[in-house]
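Residue numbering for the sequence shown follows the working numbering, beginning at 10 and increasing consecutively. In this text, a Cβ means the ideal position worked out from N, Cα and C, and glycines have one as well.
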Amino acid sequence: MTANKRLRWIRPALRLLAAFALVVVACLILFPTGRYLLRAGWEEGKILARRQPITALAADSSTTAALRSKLALVLAARAFAHDSLGLETGMSFTTFSALDRDTLVLVLSGAYRDKLEAYTWWFPIVGRVPYKGYFDFDEAHRQERALTARGFDARLGGASAFSTLGWFNDPVLPTTLRGDSLTLSNTVIHELTHNTYYAPGGAVFNESFANFVGARGAERFFRARGQARAAAEVAAHWNDEKVLGRFWAELYDRVDSAFKAHPGDEPVHVAERIAVRDSLYAEARLQLLHEIGPQLRTISLRAIERVRLDNAILMSRRVYLTGLDAFDAVLARNGGNLRRTIQEIIGAAKSNKAKPFDAVRNLASVLQTK
C-alpha cells in the first residue's frame, strides 16, 4: 500500500475517532450521570496522583511512629489476605495518599416509603447499586433533600474507604487509618475481597460477603500474629453483627408482610402501609433497646439509641448484614478453613448469579450431608 493510500484510509478513521470522542465528552458534560462520573474521576485522579509508596514512608525519618505502625499493619494484613486467604491484592494498599479533607466521601441511599424497595443508581461496569458516593458534600446534601422531597426515605453517611475493584491500585487513606487496628485490618481485607469477586448489580451479596471475609479474616490475622485478645475482640464484634443481621432480617419480613397485607396504589392504601410500618418500627425500637441491645458486647447501648428506623435504614443495613449465618455455616462445615470457604462461596455465587444467597445456603447443606 502506498503512502497516499494509507493516508486516505487513516484520515477518515481519525475523523471518526475524533467524532466519537466528542460525543463521549458531550455526554459526560451534558448528562447528570456523566457530570457525576467526571467529578468522581477527577477526585480519584487526585487521590492516585498523591500516592506515595508505603515502604518509602516507613523509611522516612519524618514519618511519625504512629503512622509508621498503622502502615506496617496495612502491609501485614494485605500480605495475610494474599498468602493465607487467597485474595487478589494486585498493588492495592501498597501506597498512601494524603487527603485535603476529614471525610473521604458521603454515601447516599434511599428507599420507597410504602414498599421494601431500594432506590438504585446505575453505573457502567458495576450495574445497579443501592447507594451513591459523593465527593461534593453540598451536592450530597442537596440530593438527600431532593430524594426526601420526592417521597423517599433517605440516608446520608460518611465512608472511610472504598474499592475500585482492582481497576486501580487503591492507596491507603488517612480516613481509613483513623480506625483502630481491628477496624483497619478488617477494612483492608474487606476491600480486597471486592478486588477478588464483585458481581455486577449484586451489592447486597457483595457487601455482606466482604463483611464476612473481612471479619473472619481479621480474626485469623490477629490469631496468626499471636494476638489472641485482638482476635477475640474481632470475633465478638462479628457475633454482634450476626445478632443485628438477624434482627434486621426479621424486621424486614414483618414489614414486608404488613405491606403485602395492604395492597393497592390508591393514596388510601399507600397511607395504610406507611401507618402500619411506622407502628412496626416503633415496636422494633423497643425490641432493639430492651432485647437486642443487652446481647451486644462490642456495640454500646448509646449507639443503639441513635439508630433511626425507616425503610432507607432497613435496606441499607441489610446491604452489609444479609446471610451472615449462611457464610458462617459454610465455614463451619469446612472445619474453619477460611481460604477454602472463600473459594467455594465465590464458586457457588457464580453458579447462581440471580440468587447467590440460595447458592450459599445450598452449599452449606451439601457440605453438612458429607
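Collapsed DSSP secondary structure at residue i in the structure displayed
{"i": "Leu156", "result": "helix"}
{"i": "Phe144", "result": "coil"}
{"i": "Ser71", "result": "coil"}
{"i": "Ala90", "result": "helix"}
{"i": "Gly95", "result": "coil"}
{"i": "Ala168", "result": "strand"}
{"i": "Asp162", "result": "strand"}
{"i": "Phe105", "result": "strand"}
{"i": "Ala85", "result": "helix"}
{"i": "Ala58", "result": "helix"}
{"i": "Ala127", "result": "strand"}
{"i": "Lys359", "result": "helix"}
{"i": "Arg77", "result": "helix"}
{"i": "Leu31", "result": "Only weak support is given to the placement of Leu31: the predicted model assigns it a pLDDT of 43, under 50, and the value that follows is read from those uncertain coordinates. In the structure shown, Leu31 sits in a helix (DSSP, three-state: H, G or I)."}
{"i": "Asp265", "result": "helix"}
{"i": "Arg370", "result": "helix"}
{"i": "Arg110", "result": "coil"}
{"i": "Lys364", "result": "coil"}
N-terminal and C-terminal residue of the alpha helix (DSSP H) that residue i is part of
{"i": "Leu66", "result": "Ile63 to Ala68"}
Continuous beta strand (DSSP E) stretch holding residue i: start and end
{"i": "Ser118", "result": "Val114 to Tyr121"}
{"i": "Phe132", "result": "Trp130 to Phe132"}
{"i": "Arg137", "result": "Gly136 to Val138"}
Member of the options whose CA lies at the smallest distance from the CA of residue i
{"i": "Leu76", "options": "Leu372, Asp162, Ser190 and Glu300", "result": "Ser190"}
{"i": "Trp247", "options": "Leu297, Arg342, Arg229 and Asn343", "result": "Arg229"}
{"i": "Leu57", "options": "Leu47, Leu66, Phe105 and Thr64", "result": "Phe105"}
{"i": "Ala368", "options": "Gly345, Ala338 and Gly344", "result": "Ala338"}
{"i": "Phe89", "options": "Ala227, Glu353 and Gln61", "result": "Ala227"}
{"i": "Leu260", "options": "Leu289, Glu314 and Arg59", "result": "Leu289"}
{"i": "Phe9", "options": "Pro180, Arg234, Glu281 and Tyr45", "result": "Because the chain in this structure spans residues 10 to 379, residue 9 falls outside the shown range and cannot be described."}
{"i": "Lys130", "options": "Asn204, Gly210 and Met100", "result": "In the sequence on display, residue 130 carries Trp and not Lys. Among Asn204, Gly210 and Met100, the Cα nearest to that of Trp130 is on Gly210."}
{"i": "Thr184", "options": "Ala68, Lys79, Gly302 and Ile354", "result": "Lys79"}
{"i": "Gln61", "options": "Asn178, Arg154, Gly273 and Gln304", "result": "Asn178"}
{"i": "Lys55", "options": "Arg110, Ala85, Gly99 and Leu96", "result": "Arg110"}
{"i": "Leu3", "options": "Phe218, Gly99, Thr73 and Lys124", "result": "Here the chain comprises residues numbered 10 to 379, so residue 3 is not present and cannot be evaluated."}
{"i": "Leu201", "options": "Leu94, Val328 and Thr73", "result": "Leu94"}
{"i": "Ala280", "options": "Ala373, Thr72 and Lys124", "result": "Lys124"}
{"i": "Ile198", "options": "Gly223, Ile313 and Lys364", "result": "Gly223"}
{"i": "Ala341", "options": "Arg225, Asp319 and Pro139", "result": "Arg225"}
{"i": "Trp257", "options": "Asp274, Leu318 and Gln236", "result": "Leu318"}
{"i": "Ala363", "options": "Leu297, Leu330 and Val213", "result": "Val213"}
{"i": "Pro365", "options": "Glu216, Tyr45 and Ile63", "result": "Glu216"}
{"i": "Gly136", "options": "Tyr207, Ala155, Ala68 and Thr72", "result": "Tyr207"}
Any chain C beta carbon closer than 9 angstroms to residue i
{"i": "Ala363", "result": "Of the protein chains in this structure there is only one, and it is not chain C."}
Three-pair Cβ contact test at 8 angstroms for the stretch 233-246 versus the stretch 352-372: no
### Message
Which runs of the alpha helix (DSSP H) at least 4 residues long sit entirely within the stretch 271-355? Give them in chain order.
### Response
276-296, 310-314, 320-329 and 333-342
The stretch 191-201 contacting the stretch 153-166, beta-carbon criterion three pairs below 8 angstroms
no
Suppose only complete runs of 4+ residues qualify. What are the alpha helix (DSSP H) ranges in the stretch 171-250, listed by chain order? 183-186, 190-205 and 212-233
Touch check for the stretch 139-150 and the stretch 105-124: three-plus C-beta pairs under 8 angstroms? yes
Practice task
Count the CB pairs spanning the stretch 255-269 and the stretch 342-358 that are closer than 8 angstroms, and state whether there are at least three.
Solution key: no
Evaluate the contact criterion for the stretch 318-325 versus the stretch 119-127: three or more CB pairs, one atom per stretch, below 8 angstroms. yes
Should the stretch 249-256 be called in touch with the stretch 82-99, which here means at least 3 C-beta pairs below 8 angstroms? no
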